[in-house]
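Enquirer:
Residue numbers (this note's numbering): 286 to 436.
(1) How far does the alpha helix (DSSP H) with residue 344 in it reach, from first residue to last?
(2) As an exercise, report each continuous alpha helix (DSSP H) stretch of at least 4 residues that is fully enclosed by the region 364 to 394, in chain order.
(3) CB-CB under 6 angstroms to residue 423, same chain, minus the five flanking residues each way: which ones, in chain order?
(4) Can you find the residues in the same chain that come closer than 6 angstroms, C-beta to C-beta, to residue 365, ignoring five residues on each side of it along the sequence?
(5) Just confirm the distance between the C-beta atoms of residue 311 and residue 287, as a whole number of angstroms; I'd bet it's less than 8 angstroms.
(6) With respect to the alpha helix (DSSP H) encompassing residue 435, which residues constitute its N-terminal and C-terminal limits?
(7) Tell me the rounded alpha-carbon separation between residue 400 and residue 406.
(8) May I ask you to report which of helix, strand or coil DSSP gives residue 410?
(9) Pull up the distance between the alpha-carbon of residue 361 and that of residue 434, whole angstroms please.
(10) If you draw a straight line from the C-alpha of residue 388 to the C-alpha of residue 292, how long is it?
(11) So, at 6 angstroms on beta carbons, what are the nonlocal neighbours of residue 322 in its own chain, with the 5 sequence-adjacent residues on each side left out?
In structure tokens form, the structure reads like this:
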């Protein structure tokens with residue numbers, strides 16, 4: 286089964302990427318894999334409590350994931366899979382794509398501020414030549430209705 290890989294983070298544009306992935310998966314009989322990455326700097330400053338901080342980060346991710354997962358199950362009939370990795374976001378996305386051959390498309394949300402589409406979209410675009418799959422970049426300002434129409 287083909288999967289849409291979408292990155293879960295705290296960005297506003299993440300919502301449109303999630304919607305797009307779920308809608309496309311529902312219309313094509315595919316699955317959704319949600320990847321969340323814990324950056325190393327999030328817990329390295331406090332080596333004595335790093336395990337506790339990792340645990341808390343995972344709990345936050347799982348709670349955030351459940352919101353999207355419930356919507357996907359209830360509205361689209363998709364039961365997404367959660368993967369949590371630790372490290373540099375770009376390297377971890379590339380590693381996840383290499384590790385799971387069922388991933389067919391990487392879905393990213395583009396930011397809407399004047400600084401550009403966001404660091405993840407910018408960095409992944411630079412690495413797109415090394416990816417064995419296409420990247421779909423979903424505009425952050427695209428309306429829910431427009432997303433539904435194009436998927």
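Beta carbons: idealized from backbone N, C-alpha and C, even for Gly.
Expert: Reading off the structure:
(1) 335 to 356
(2) 374 to 384
(3) 301, 302, 305 and 394
(4) 317, 319, 354 and 357
(5) Wrong, their Cβ atoms sit about 13 angstroms apart, outside the cutoff.
(6) 429 to 435
(7) 12 angstroms
(8) helix
(9) 15 angstroms
(10) 13 angstroms
(11) 370, 374 and 377
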